[in-house]
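Counting with UniProt numbering, you get residues 1 to 659 for the letters of the sequence shown. For glycine and all other residues, C-beta sits at the position ideal for the given N, C-alpha and C. Following: one structure in structure tokens, then a few remarks.
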Amino acid sequence: WSQPINLDKSNNAYLDNFSIVNNQLQVTGWNATNKALGKNNHYIILFDRTAGHELARQKATAVARPDVAKVYPQVINAQNSGFNVSFSLANVDLNHELQVISRYSDVQNGEGNNVNYWYAPKKFTPSNTSNQGNLDNFNLSNGELTVAGWHATDYSQVESNHYLILFDKSNNTQVASIKVTNVARPDVAKAYPAVQSAGQSGFNASFGKVNLTPGHAYQIVSRYSTLAEGNGDNGQSKFTDFWSAPVTLNQQAYNIDNFNATKDGFNVTGWVASDQAINKQNPYLILLNNGKEIARTKLSLTDRPDVAKVYPSLYNSQKSGFNVNLKVDPATANGTLKILLRFAGSTDGNSNYSDQASQDYPTNIGNFDNVQVTASNITVSGWRASNLTTSKPYEYLIVLDNGGKELYRQQITDKDITRNDVQNVYSYVLGTNKSGFQVTLPTQASMMHKVVKLINRLTDDPNGNGNYIDVYSGPVSVFSGAQTEGKKTTTYNADGQIIAVYNDAEVISQLPELPTGCEITAVTMMLRYAGYNVNKIQLANEMPRSNNGDYGFVGNPFSPSGWWIFPTGIAPVVNKYVGHSDIMTGASMERIKDKLNQGHLVVAWVANVNGFVNHALALTGYDASRLFYNNPWTGRKESMTYGEFYQHWNADRQRAISY
Numbered sequence: 001w002s003q004p005i006n007l008d009k010s011n012n013a014y015l016d017n018f019s020i021v022n023n024q025l026q027v028t029g030w031n032a033t034n035k036a037l038g039k040n041n042h043y044i045i046l047f048d049r050t051a052g053h054e055l056a057r058q059k060a061t062a063v064a065r066p067d068v069a070k071v072y073p074q075v076i077n078a079q080n081s082g083f084n085v086s087f088s089l090a091n092v093d094l095n096h097e098l099q100v101i102s103r104y105s106d107v108q109n110g111e112g113n114n115v116n117y118w119y120a121p122k123k124f125t126p127s128n129t130s131n132q133g134n135l136d137n138f139n140l141s142n143g144e145l146t147v148a149g150w151h152a153t154d155y156s157q158v159e160s161n162h163y164l165i166l167f168d169k170s171n172n173t174q175v176a177s178i179k180v181t182n183v184a185r186p187d188v189a190k191a192y193p194a195v196q197s198a199g200q201s202g203f204n205a206s207f208g209k210v211n212l213t214p215g216h217a218y219q220i221v222s223r224y225s226t227l228a229e230g231n232g233d234n235g236q237s238k239f240t241d242f243w244s245a246p247v248t249l250n251q252q253a254y255n256i257d258n259f260n261a262t263k264d265g266f267n268v269t270g271w272v273a274s275d276q277a278i279n280k281q282n283p284y285l286i287l288l289n290n291g292k293e294i295a296r297t298k299l300s301l302t303d304r305p306d307v308a309k310v311y312p313s314l315y316n317s318q319k320s321g322f323n324v325n326l327k328v329d330p331a332t333a334n335g336t337l338k339i340l341l342r343f344a345g346s347t348d349g350n351s352n353y354s355d356q357a358s359q360d361y362p363t364n365i366g367n368f369d370n371v372q373v374t375a376s377n378i379t380v381s382g383w384r385a386s387n388l389t390t391s392k393p394y395e396y397l398i399v400l401d402n403g404g405k406e407l408y409r410q411q412i413t414d415k416d417i418t419r420n421d422v423q424n425v426y427s428y429v430l431g432t433n434k435s436g437f438q439v440t441l442p443t444q445a446s447m448m449h450k451v452v453k454l455i456n457r458l459t460d461d462p463n464g465n466g467n468y469i470d471v472y473s474g475p476v477s478v479f480s481g482a483q484t485e486g487k488k489t490t491t492y493n494a495d496g497q498i499i500a501v502y503n504d505a506e507v508i509s510q511l512p513e514l515p516t517g518c519e520i521t522a523v524t525m526m527l528r529y530a531g532y533n534v535n536k537i538q539l540a541n542e543m544p545r546s547n548n549g550d551y552g553f554v555g556n557p558f559s560p561s562g563w564w565i566f567p568t569g570i571a572p573v574v575n576k577y578v579g580h581s582d583i584m585t586g587a588s589m590e591r592i593k594d595k596l597n598q599g600h601l602v603v604a605w606v607a608n609v610n611g612f613v614n615h616a617l618a619l620t621g622y623d624a625s626r627l628f629y630n631n632p633w634t635g636r637k638e639s640m641t642y643g644e645f646y647q648h649w650n651a652d653r654q655r656a657i658s659y
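Take a look at the structure:
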């Protein structure tokens with residue numbers, strides 16, 4: 001009899017690889033044991049240790065492992081103990097602990113009598129689950145979309161395929177996707193040292209020419225995925241996204257670098273770009289005179305790298321320059337010029353277009369640079385230019401009183417003085433380089449103590465009449481005192497400085513209809529004096545309501561229990577009629593006086609006047625010691641000293657409004 005043979009009863013195994021490969025869990029290893037005798041069905045089972053249940057099983061085909069047989073010669077199945085299987089990620093939660101089981105069973109389905117080997121569990125998700133990124137650049141300057149930024153998350157160590165997706169947020173669709181290779185971002189690594197992959201989190205890639213729609217909002221989605229194809233999402237893959245802030249294609253910009261008059265018309269240089277050019281690819285420059293087209297040309301846009309640098313996300317800003325000559329008879333460019341820069345869908349530029357309009361360019365221009373008044377003479381110097389100077393060779397200075405009555409005229413003979421400074425600013429008007437003039441005229445008795453206006457007239461008549469074009473000066477004081485123009489009286493000192501103003505505005509009482517509507521009544525007086533046909537009831541109904549006086553009236557101004565409204569709350573009423581308003585809360589007294597000088601009433605909020613903790617007055621004027629106002633509570637024209645005004649105004653936070 002031989003010695004007894006003791007079979008090796010150990011269960012030996014090793015997991016060579018448990019990783020994600022091409023969107024699947026790849027499992028390779030070996031399991032060698034004599035306990036598998038009679039159990040010819042070898043299964044590899046994927047087990048969710050966190051949830052405590054089996055996820056899937058694969059029947060393994062034996063893989064030769066001579067290396068294992070060499071180590072375990074007494075284990076019968078060691079020679080063919082290897083396995084190599086894959087599992088779908090569809091129902092796998094990578095945040096859970098996953099475990100692989102190697103099972104030998106005596107039945108086909110892997111149940112029955114079996115022997116198991118449980119490999120060590122593994123969690124695929126990183127310990128740092130943060131996810132952050134930034135879109136540094138969305139560049140359409142050359143008509144193609146290039147994006148740059150970074151996306152830092154340690155999920156990328158598991159989801160190793162990096163995609164960029166262009167997503168149209170406006171219609172909720174993907175436009176394009178590209179697979180990218182990450183680039184180094186040491187700055188991100190410095191900012192996020194706990195993210196292991198931060199140093200290699202950058203991207204810089206081009207989508208090329210893509211189908212974009214003006215006005216739509218687009219986002220860049222940076223995606224790390226287990227899937228190596230498509231956009232990283234096939235319904236079974238695992239991925240981590242970072243969505244950028246939306247970029248809306250609604251930009252447009254232009255600049256007129258030079259607008260010069262030539263003997264044949266005009267030369268215009270500059271640049272223009274617009275996101276509308278995405279589907280309106282015919283650029284035009286159109287010249288208007290008093291709103292009527294007098295010339296147009298189709299543009300051949302040229303490189304402007306300086307523009308692309310400033311406007312990288314503006315479509316085709318790289319190709320935005322122009323330099324064109326317009327053939328125009330100067331006689332037809334005699335009003336207010338305006339340049340339209342147009343991108344049109346039609347080749348003739350007349351339909352499906354988007355315009356950008358330049359500033360106004362007046363062609364009848366001039367300035368009275370210096371007016372010196374003495375008891376005997378008035379000396380005037382300045383400049384005057386027009387595209388009609390050739391047909392109007394005579395230049396006159398005319399003096400008018402406040403009523404428009406002519407007091408004196410004199411032909412200007414000292415003219416055509418070199419003014420390069422004027423040409424630098426108004427190069428689109430012919431002759432501006434020789435536009436200077438100076439003239440001295442006697443101070444007439446009819447001018448004394450009046451506020452006068454000066455006219456510089458260009459005419460075809462030697463006597464200063466005929467066909468003419470005029471430029472008016474501002475008010476000129478000829479040792480004037482109080483001067484009344486309409487309902488405004490302005491008092492000048494001997495030097496022509498304003499020392500008092502009184503605007504004789506209609507006084508309106510808030511009573512009886514608006515017991516707490518002092519503010520809107522004061523605004524009614526201001527607007528009526530400005531020439532708007534409004535009334536207090538109308539405006540009180542239009543006035544916003546709110547529980548915050550900065551946004552509207554608190555309560556009901558038609559009720560004694562109403563409260564108040566403040567300048568920003570009442571501003572919409574002023575804006576509706578005037579088109580703008582000026583919040584003057586905290587303004588200096590000089591600013592208040594400037595408004596009154598212009599004939600603009602100022603509504604001021606005051607406290608402790610007429611027994612109210614909050615009240616509003618319509619300031620109408622001032623002199624050396626007092627402010628004049630219309631009081632909506634008393635329905636009277638009243639006044640108070642500057643000291644009294646500041647005492648009441650300060651107590652109500654110096655609130656005020658004008659226009």
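Among residues of its own chain, excluding the 5 on either side of residue i, which ones have a beta-carbon nearer than 7 Å to its beta-carbon?
i      : result
His580 : Tyr659
Ala522 : Val603, Ala616, Leu617, Ala618, Pro632
Lys39  : Tyr104, Ser105, Asp106, Asn113, Asn114, Val115
Val534 : Thr524, Leu527, Arg528, Tyr577
Leu94  : Phe124, Thr125, Val158, Lys238
Tyr622 : Ala500, Val501, Lys593, Leu596, Phe628
Using CA coordinates, which residue listed in the options is at the minimum distance from residue i?
i           : options                        : result
Leu89       : Val425, Val371, Phe239         : Phe239
Ser473      : Val371, Gln411, Thr443, Ala530 : Val371
Leu388      : Asp550, Ala331, Pro214, Asn377 : Ala331
Asn80       : Tyr72, Phe87, Ser86            : Tyr72
Gly29       : Leu539, His42, Val574          : His42
Glu644      : Thr634, Tyr629, Ile657         : Tyr629
Lys280      : Gly230, Asn352, Gly291         : Asn352
Phe207      : Arg636, His600, Phe87, Val180  : Val180
Asn86       : Gln99, Leu430, Val100, Val27   : According to the sequence shown, residue 86 is Ser rather than Asn. Of the listed residues, the one whose Cα sits closest to Ser86 is Val27.
Thr347      : Ala277, Asn364, Leu511         : Ala277
residue 664 : Gly466, Thr568, Ser222         : Lying outside 1 to 659, the shown extent of the chain, residue 664 is not represented and no answer is given.
Trp243      : Leu7, Asn134, Gly436           : Asn134
Ala205      : Phe138, Asp257, Arg185         : Phe138
Gly354      : Val310, Val272, Ser386         : Residue identity differs from the one stated: residue 354 is Ser in this sequence, not Gly. Out of Val310, Val272, Ser386, Val272 has the C-alpha closest to the C-alpha of Ser354.
Val452      : Asp401, Thr489, Ser376, Pro186 : Asp401
Gln444      : Tyr622, Tyr394, Val373         : Val373
Tyr192      : His162, Leu140, Thr129         : Thr129
Ala217      : Asp168, Ile455, Gln196         : Asp168
Ser170      : Ala176, Asn211, Gly215, Pro186 : Gly215
Tell me the DSSP bridge mates of residue i?
i           : result
Ser446      : Looking at the DSSP assignment, Ser446 forms no beta bridge with any residue, so it has no partner.
His96       : Beta-bridge pairing links His96 to no other residue.
Ala13       : Asn31
residue 666 : Any answer about residue 666 is impossible in this case: the structure gives the chain only from 1 up to 659.
Leu397      : Gln410, Asn456
Glu485      : Lys488
Val115      : Tyr104
Gly82       : Trp30, Val63
Phe645      : Per DSSP, none; premise fails for Phe645.
Gln356      : Leu341
Lys123      : Glu97
Ala56       : Leu46
Ile498      : Tyr492
Excluding the 5 residues preceding and the 5 following residue i in the sequence, name in chain order all residues of the same chain whose CB lies nearer than 8 Å to its CB.
i           : result
residue 665 : Residue 665 falls outside the range modelled here, since the chain spans only 1 to 659, and no answer is possible.
Asn350      : Ala344
Phe83       : Val27, Thr28, Gly29, Trp30, Asn31, His42, Ile44, Ala60, Thr61, Ala62, Val63, Ser102
Skipping 5 residues on each side, what residues in its chain have a beta carbon closer than 6 Å to that of residue i?
i           : result
Val188      : Trp150, Ala152, Ala198, Ser201
residue 695 : Residue 695 lies beyond the range of the chain shown here (1 to 659); nothing can be said about it.
residue 680 : The requested residue 680 is not part of the displayed model; the chain covers only 1 to 659.
Tyr117      : Asn11, Ala13, Asn31, Ser102
Lys123      : Glu97
Trp563      : Val554, Gly555
Glu485      : Asn402
Between residue i and residue j, which are expected to be in contact by the criterion C-beta below 8 Å, what is the C-beta distance as a whole number of angstroms?
i      : j      : result
Asn364 : Val471 : 7 Å
Asp136 : Ala148 : 5 Å
Worksheet entry | Ranges of the alpha helix (DSSP H) found wholly within the segment 279-334, counting only runs of at least 4 | Counting whole runs of 4 or more residues, the segment 279-334 contains the alpha helix (DSSP H) stretches 305-310.
Discussion item. To test your reading of the DSSP string, which unbroken beta strand (DSSP E) runs of 3 or more residues are found completely within the UniProt domain "Peptidase C39-like" (506-633)?
Written reply: 602-606, 615-622, 626-631, all fully within the UniProt domain "Peptidase C39-like" (506-633).
Discussion item. Give the list of continuous alpha helix (DSSP H) stretches no shorter than 4 residues that lie fully inside the segment 145-230.
Written reply: Qualifying alpha helix (DSSP H) stretches, in chain order: 186-191.
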